Structures are given as C-alpha cells and as structure tokens.
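Numbering (the numbering used here), first residue to last: 76 to 137. All C-beta atoms, glycine included, are put in the ideal place defined by N, C-alpha and C. Computed from a predicted model, the values in this text were never measured in an experiment. To start, the structure under review is shown below, and the notes come after it.
Shown next, in the form of structure tokens:
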C-alpha cells in the first residue's frame, strides 16, 4: 500500500539523518569523553533500525 511505503521511506530517511547526526556527535565528542562503547552502540542501533526499514521496503515489493 502507498501509505505503508511512505512511512517506511520516511523511517529510512529519518534513520539516515540519525546516522549522520550521531556520526558528527561522535567525531566531536570522542576527543572529549573518549567513550567509544556508547558511541558504537548508538551507531549500531541506528544502522540496525535502518536495515530493518530497508527490509520492510523490500518486503513490501512482493
């Protein structure tokens, strides 16, 4: 359906934005706090959610 596809594409764009934002935060704050584990977990969650939305988009094509 069209509305489902619109929501999925919106989620993909949202998590791409989160990845860009978190990456910029990591590069800025890494030298200050040196908290690599938290930064890695934030980025892992963003990529996992993006992957989930991409799978939803691909599953919607069938």
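Starting from residue 69, trace the alpha helix (DSSP H) both ways and give me its first and last residue.
Within the shown structure, residues of the chain are numbered from 76 to 137, placing residue 69 beyond reach of any answer.
Give me, in chain order, the residues of the same chain whose beta-carbon lies closer than 6 Å to that of residue 132; leave out the 5 immediate sequence neighbours on both sides.
Here the set comprises 83.
Between residue 136 and residue 94, what straight-line distance do the alpha-carbon atoms span, to the nearest angstrom?
Cα to Cα, the separation comes out at about 25 Å.
Is the beta carbon of residue 125 less than 8 Å from the beta carbon of residue 87?
The answer is yes: Cβ separation under 8 Å.
Give me, in chain order, the residues of the same chain whose beta-carbon lies closer than 7 Å to that of residue 139; leave out the 5 immediate sequence neighbours on both sides.
The structure shown does not extend to residue 139, since the chain is modelled only from 76 to 137, so the question has no answer here.
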